[in-house]
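Numbering (the numbering used here), first residue to last: 49 to 403. Report on the structure given below.
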Ligand SMILES: [Zn+2]
């Protein structure tokens, strides 16, 4: 062996040893449990096989640990959910081949598939909803078991609509809605002006119908133009309905034209619930384009009662669909405006849930 070959040989040995160690390292890593989630060790599964993360923007991330097999050694799967959205989530909808085709070997001691604090609404063997009975709070974790790994997952389509204000609001110390500054019956002595209290109910009913037609689970905090609730009562209704999304419907106050302030839609959110900003961003442009008004963007408003975590636990926004002065007033006064505003709100919700 000449010196050249000797050097080459040493290099090859070093490379070979490095290669072996590298391969062992990779092998070790790939065999190691990724330890996704905090599922309990059940049967042959030391932890979650599938982890669903609800991201700060409200989108869902789906991870599978290939080294955690079914806990029954066949197909039963432990699924964990961690919530990083800032808001409480009340349920997720899952799709997967025969994942709800239960055969009485669920992960809990009595053979149930539900984990602590979860219940199932099963549509068919491939489709169903996991309800988080008390809500899965921000930073919370919850687990359950299925007859296989899900292939698709999304937040449950559940919305509470809150028609803002009400003509009786002053009787409970709440603000009555704003009044428009365009008279639509100039011959009439008292005139005919748009009232926010009327419009919020009209837009909310239109939104309810659109959402219901698209298989959303919908509830409303109130159903007539007179009644009024406190922010806490509105929030409690949404929490009790276990909705994943809360939308308070408002129309912004009129501004004298001489001030030169343009109309437009604006959506408010609380900075305490990260996912609410995403919903607001997605919604405001849709309302503006559907209604044909300016887009005034979104705004952080931690002072708005219904948006506070102490009132609404879920992702929540307050939509000022347009202004009660022109150029918006004539648009709001036109036939079909409530449906246009509502379809904008719905498009924002649709976009949020399909991120
Ligand atoms: Zn208002």
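Cβ atoms here follow ideal geometry from the backbone N, Cα and C, with glycine treated the same way. Nothing here was measured: the structure is a model prediction, and the numbers come from that model.
Could you spell out the range, first to last residue, of the beta strand (DSSP E) harbouring residue i?
| i | result |
| --- | --- |
| residue 101 | 98–102 |
| residue 341 | First-last for residue 341: undefined, no H or E at that position. |
| residue 401 | Segment 385–401 is the alpha helix (DSSP H) holding residue 401; no beta strand (DSSP E) there. |
| residue 109 | 108–112 |
| residue 269 | Segment: none, residue 269 is in no beta strand (DSSP E) and carries neither H nor E. |
| residue 370 | 363–371 |
| residue 85 | No beta strand (DSSP E) contains residue 85, which DSSP labels as neither H nor E. |
| residue 139 | 137–143 |
| residue 156 | From DSSP, residue 156 is part of no beta strand (DSSP E); its letter is neither H nor E. |
| residue 171 | 166–172 |
| residue 129 | 125–131 |
Determine the contact status of residue i and residue j, defining contact as a CB-CB distance below 9 Å.
| i | j | result |
| --- | --- | --- |
| residue 206 | residue 176 | no |
| residue 210 | residue 238 | no |
| residue 266 | residue 318 | no |
| residue 119 | residue 125 | yes |
| residue 247 | residue 380 | yes |
| residue 208 | residue 293 | yes |
| residue 314 | residue 282 | no |
| residue 220 | residue 269 | no |
| residue 389 | residue 338 | yes |
| residue 243 | residue 226 | yes |
| residue 106 | residue 400 | yes |
| residue 331 | residue 295 | yes |
| residue 335 | residue 384 | no |
| residue 403 | residue 326 | yes |
| residue 280 | residue 353 | yes |
| residue 127 | residue 97 | yes |
| residue 103 | residue 109 | yes |
Suppose the cutoff is 6 Å on Cβ atoms and the five residues either side in sequence are ignored; what does the same chain contact list for residue i look like?
| i | result |
| --- | --- |
| residue 121 | 92 |
| residue 136 | 183, 185, 361, 362 |
| residue 229 | 302, 373 |
| residue 290 | 138 |
| residue 148 | 170, 173, 176 |
| residue 329 | 346 |
| residue 86 | 189 |
| residue 320 | 357 |
| residue 371 | 300, 311 |
| residue 286 | 208, 294, 360 |
Hey, quick one: how far does the alpha helix (DSSP H) through residue i stretch, first residue to last?
| i | result |
| --- | --- |
| residue 379 | 376–381 |
Return the chain-ordered list of same chain residues with a C-beta closer than 7 Å to the C-beta of residue i, the five sequence neighbours on each side being excluded.
| i | result |
| --- | --- |
| residue 190 | 129, 163, 165, 166, 180, 184 |
| residue 394 | 255, 258, 259 |
| residue 89 | 95 |
| residue 178 | 139, 140, 142, 166, 168, 192 |
| residue 159 | 152, 153 |
| residue 223 | 213, 217 |
| residue 123 | 195, 196 |
| residue 215 | 224, 245, 273, 274 |
| residue 375 | 311 |
| residue 63 | Interpretation of residue 63 is limited by its pLDDT of 44, a score under 50 that renders its predicted location unreliable; no figure is taken from the coordinates. |
| residue 249 | 211, 272, 273 |
| residue 233 | 239, 240 |
Hey, is residue i close to ligand 2, as in C-beta under 8 Å from one of its heavy atoms?
| i | result |
| --- | --- |
| residue 312 | Within the structure as shown, ligand 2 is missing, the only ligands being ligand 1. |
Spatial neighbours of residue i within its chain, please: CB distance less than 8 Å, with the 5 preceding and 5 following residues excluded, ordered by chain position.
| i | result |
| --- | --- |
| residue 349 | 316, 317, 318, 355, 366 |
| residue 12 | The question about residue 12 has no answer here: the residues shown for the chain are numbered 49 through 403. |
| residue 324 | 134, 135, 317, 318, 355, 363, 364, 365 |
| residue 340 | 379, 388 |
Any beta carbon of chain C sitting closer than 9 Å to that of residue i?
| i | result |
| --- | --- |
| residue 93 | This model lacks chain C altogether, as it is built from one protein chain only. |
Check: Of all the beta strand (DSSP E) runs that stay within the bounds of the region 178–266, which reach a length of 3 or more residues?
Finding: 189–194, 200–203, 206–211
Notebook entry, point to check: Listed by chain order, which residues have C-beta atoms less than 5 Å from any heavy atom of ligand 1?
Noted result: 212, 298
Notebook entry, point to check: At what residue ranges does the region 273–336 contain a whole run of the alpha helix (DSSP H), taking only runs of 4 or more?
Noted result: 279–289
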